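Here's the structure we're looking at; comments come further down.
Chains as they are written, first to last, in the working numbering: chain H, 1 to 262; chain G, 1 to 308.
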């Protein structure tokens with residue numbers, strides 16, 4: 001973990017409401033893994049006061065990429081940053097995805113959750129490792145990848161303007177018969193309704209699945225205890241506990257096993 | 001070499017800090033979380049996350065919300081409990097080369113006393129304690145004691161009998177007259193008071209009507225409360241003759257100097273740690289530069305200078 005003054009290389013619109021930035025961040029790039037995040041200082045002043053946690057979307061040599069949706073005061077400010085701007089990043093933070101050799105990875109991303117999925121997708125490509133990618137959005141103009149089922153990339157849209165008509169989870173159901181489900185692991189990240197639907201889907205079918213959670217967060221390194229994520233309680237643990245029922249997204253996550261989440 | 005200003009702080013006769021910058025309870029964990037980012041031995045000291053007798057899981061999410069120049073939190077005193085604290089954290093803390101204050105919280109006088117007895121039983125090489133009688137976020141967080149002068153005095157006296165170490169009582173701003181509570185702590189035998197804990201606050205989503213914090217009520221911190229804290233420190237310093245440790249939205253060396261001028265002997269850094277975990281160490285350096293700019297050789301020269 002380092003605090004790094006990073007130079008912004010590029011910052012541009014990727015699709016409707018979605019931006020991508022690339023920064024020189026040698027210290028972070030040296031050790032970041034897919035699923036990990038950085039905590040970004042938005043303002044030297046107090047508006048906003050807190051850093052903004054953001055999953056890393058790519059790494060190339062000493063650079064990292066971020067993909068973000070403009071949703072609030074922090075991301076609105078980020079979208080205005082010109083190339084050359086120096087940005088204070090803290091990272092890499094969090095646990096990241098855990099990909100084992102004995103499973104076929106099926107990646108499911110949507111909304112602001114495309115960054116950690118993109119990084120995993122690129123990383124698996126770099127390793128020459130076969131996998132499947134599903135990306136969901138409301139409409140065609142929110143997508144930046146091409147629908148290409150022959151190359152294991154399926155897009156879904158709520159309005160049917162590109163790819164399969166429906167949600168990413170609807171898409172998953174449609175492509176699932178291609179796989180030997182005994183050997184797949186699903187990696188998911190997206191807005192709360194998508195994560196919730198994906199969780200129900202995998203629990204019903206007893207599919208192994210890792211989900212990257214998104215929470216409000218302040219410090220990013222386990223000190224403020226603000227980013228709690230509720231896990232299922234074990235009935236045998238009736239005594240009060242610390243970081244058992246409520247884990248911290250920043251240091252225990254952001255990636256959790258779907259069956260652990262409450 | 002440019003002579004550096006003397007930042008040492010005498011907290012009464014019992015304890016001298018190498019500089020006035022402490023980290024506030026609950027905003028710096030147990031001090032061992034980010035060794036690669038902060039050399040804690042360069043701080044004036046640290047105050048641990050509050051410890052209770054049993055481990056506490058804390059409140060369900062959401063536990064924090066951002067506000068203008070501040071944040072609300074209702075963590076719910078999530079902590080590992082005194083048993084694990086003694087086994088896992090105390091040896092590290094005792095080995096530090098800076099002042100360490102263990103923060104204690106409880107739901108009853110007995111709980112405070114028991115936690116202190118267990119820690120004292122370890123005979124740890126720590127400077128002392130901060131008694132949290134001001135957490136606004138849990139029913140049993142001690143604030144019922146901290147808003148009552150008689151109970152503050154009685155609790156302080158009972159803990160005074162258990163330790164020779166430095167005893168600091170952390171005060172709540174959510175009272176009519178904070179100097180009255182500070183006096184009660186002094187009468188009970190406290191070596192210092194620290195002020196302020198967070199200011200009671202609330203956030204409501206205007207669209208859904210839901211609380212922004214699962215607990216409803218939370219504590220406001222950050223630069224937003226700095227003037228409130230400064231006024232509290234000023235008032236307390238007029239009322240008591242024990243050292244006052246200022247807390248509340250301190251982000252810069254200039255902020256530190258303002259609290260010292262209001263009568264604080266030292267300060268604690270809280271919310272600023274979330275922006276920059278190394279801020280405490282940075283403030284030590286910046287305070288040297290700031291005092292040099294003012295032509296001040298010793299920090300103690302400006303202490304209380306705002307008072308008539």
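Quick reminder that beta carbons are idealized off the backbone N, C-alpha and C, glycines included. What you are looking at is a predicted structure, and each value in this text was computed from that prediction instead of being measured.
ask   = Do residue 313(G) and residue 236(G) have their C-beta atoms closer together than 8 Å?
value = Missing from the structure shown is residue 313(G); chain G here goes from 1 to 308 and no further.
query = residue 86(H): which of 205(H), 196(H), 11(H) and 113(H) sits nearest, CA to CA?
reply = For residue 86(H), the closest alpha carbon among the candidates 205(H), 196(H), 11(H) and 113(H) is that of 11(H).
ask   = Terminal residues of the continuous beta strand (DSSP E) containing residue 39(H)?
value = 37-40 is the extent of the beta strand (DSSP E) around residue 39(H).
inquiry  = Considering only DSSP beta bridges, list what residue 132(G) is partnered with.
reply    = Bridge pairing for residue 132(G): 170(G) [DSSP].
ask   = With C-beta atoms as the reference, is residue 4(H) less than 8 Å away from residue 35(H)?
value = With contacts defined by Cβ atoms closer than 8 Å, residue 4(H) and residue 35(H) do not form a contacting pair.
message = Quick check on residue 14(G): does DSSP put it in helix, strand or coil?
response = Note: residue 14(G) maps to coil in three-state DSSP.
ask   = Does the ligand NAP have a heavy atom nearer than 7 Å to the CB of residue 7(H)?
value = In the structure shown, the ligand NAP is absent, as is every other ligand, since no ligand is present at all.
inquiry  = Taking beta-carbon pairs under 7 Å, can you tell me which members of the segment 83-97 of chain H lie near chain G?
reply    = Per Cβ criterion, the list is empty.
query = Rounded to the nearest angstrom, how far is the Cβ of residue 78(H) from that of residue 42(H), given a contact under 8 Å?
reply = Confirmed, Cβ separation roughly 7 Å.
ask   = On the three-state DSSP scale, how would you describe residue 1(G)?
value = For residue 1(G), the predicted structure reports a pLDDT of 48, less than 50, and the residue's modelled location is therefore unreliable. A value from the coordinates is still provided. Of the three classes helix, strand and coil, the one that applies to residue 1(G) here is coil, per DSSP.
Stretch pair the segment 102-121 of chain H + the segment 175-193 of chain H: three plus CB contacts closer than 8 Å = They touch, by the three-pair rule.
One or two residues paired with residue 6(G) in a DSSP bridge = Secondary-structure assignment with DSSP links residue 6(G) through a beta bridge to 298(G).
ask   = Any idea if residue 101(G) is buried or exposed, counting beta-carbon neighbours within 10 angstroms, 16 or more meaning buried?
value = Under this definition residue 101(G) is a buried residue.
task = In the DSSP assignment, find the beta strand (DSSP E) that holds residue 217(G) and state where it starts and stops.
result = Run containing residue 217(G): 217-221, per the beta strand (DSSP E) assignment.
ask   = Do residue 213(G) and residue 10(G) come within 8 Å of each other at the CB atom, strictly closer than that value?
value = The beta carbons of residue 10(G) and residue 213(G) sit no closer together than 8 Å.
task = May I ask you to report which of helix, strand or coil DSSP gives residue 162(G)?
result = Three-state result, residue 162(G): coil.
key: According to DSSP, residues forming a beta bridge with residue 68(H)   = Looking at the DSSP assignment, residue 68(H) forms a beta bridge with 19(H).
query = What's the C-alpha gap between residue 249(H) and residue 46(G)?
reply = C-alpha separation (whole angstroms): 25 Å.
ask   = Is residue 130(H) buried or exposed, if buried means 16 or more other CB atoms sit within 10 Å of its CB?
value = Residue 130(H) is exposed by the Cβ-count criterion.
message = Closer than 7 Å between beta carbons: that is the criterion. Which residues of the segment 21-36 of chain G meet it against chain H?
response = Those would be 27, 28, 29, 33, 34 and 36, in chain order.
request  = Tell me where the alpha helix (DSSP H) around residue 253(G) begins and ends.
outcome  = That run of the alpha helix (DSSP H) goes 253-261.
query = Which residues share a DSSP beta bridge with residue 51(G)?
reply = 104(G), per the DSSP bridge assignment.
request  = Grab me the residues of residue 141(H)'s own chain with a C-beta within less than 7 Å of its C-beta, minus the 5 sequence neighbours each way, in chain order.
outcome  = Counting only Cβ-Cβ distances below 7 Å, and skipping sequence neighbours, we find 15 and 16.
query = Is the distance from the Cβ of residue 66(H) to the Cβ of residue 20(H) below 8 Å?
reply = Yes.
request  = Identify every run of the beta strand (DSSP E) within the segment 70-114 of chain G, keeping only runs that are complete inside it and at least 3 residues long; order them along the chain.
outcome  = For the segment 70-114 of chain G, whole beta strand (DSSP E) runs of length 3 or above, ordered along the chain, are 70-73 and 99-104.
key: Buried versus exposed call for residue 128(H) [16 or more other C-beta atoms within 10 Å across all chains shown]   = The residue is exposed, with fewer than 16 neighbouring Cβ atoms inside 10 Å.
query = Which class does residue 240(G) belong to by DSSP, given the choice of helix, strand or coil?
reply = Looking at residue 240(G) - three-state DSSP - the assignment turns out to be coil, as it is neither helix nor strand.
key: Sequence-distant residues of its chain with Cβ nearer than 7 Å to residue 23(G) (five each side left out)   = 43, 46, 47, 268, 269, 273 and 280, listed in sequence order.
query = Using 8 Å as the limit for Cβ to Cβ distance, is residue 209(G) near chain H?
reply = When Cβ-Cβ separations below 8 Å define contact, residue 209(G) makes no contact with chain H.
request  = Tell me whether residue 255(G) is buried or exposed, calling it buried when 16 or more other Cβ atoms sit within 10 Å of its Cβ.
outcome  = Burial of residue 255(G) is indicated by the presence of at least 16 other C-beta atoms within 10 angstroms of its C-beta.
request  = Please compile the residues from chain H whose C-beta is within a distance smaller than 8 Å of the C-beta of residue 54(G).
outcome  = Correct list: 239 and 240.
inquiry  = Whole angstroms are fine: how far does the CA of residue 247(H) sit from the CA of residue 226(H)?
reply    = The alpha-carbon of residue 226(H) is positioned some 10 Å away from that of residue 247(H).
request  = Have a look at 52(G), 238(G), 72(G) and 207(G) and flag the residue whose alpha-carbon is nearest the alpha-carbon of residue 118(G).
outcome  = If we check each option's Cα against that of residue 118(G), 52(G) comes out closest.
ask   = Which full runs of the alpha helix (DSSP H) of 4+ residues lie inside the segment 111-155 of chain H, going along the chain?
value = Runs of the alpha helix (DSSP H) inside the segment 111-155 of chain H: 114-126.
request  = Specify, as a first and last residue, the run of the alpha helix (DSSP H) that residue 95(H) falls within.
outcome  = Residue 95(H) -> no alpha helix (DSSP H), and no H or E assigned at all.
request  = Look at the alpha carbon of residue 251(G) and the alpha carbon of residue 45(H), and state the distance between them as a whole number of angstroms.
outcome  = The alpha-carbon atoms of residue 251(G) and residue 45(H) are separated by roughly 10 Å.
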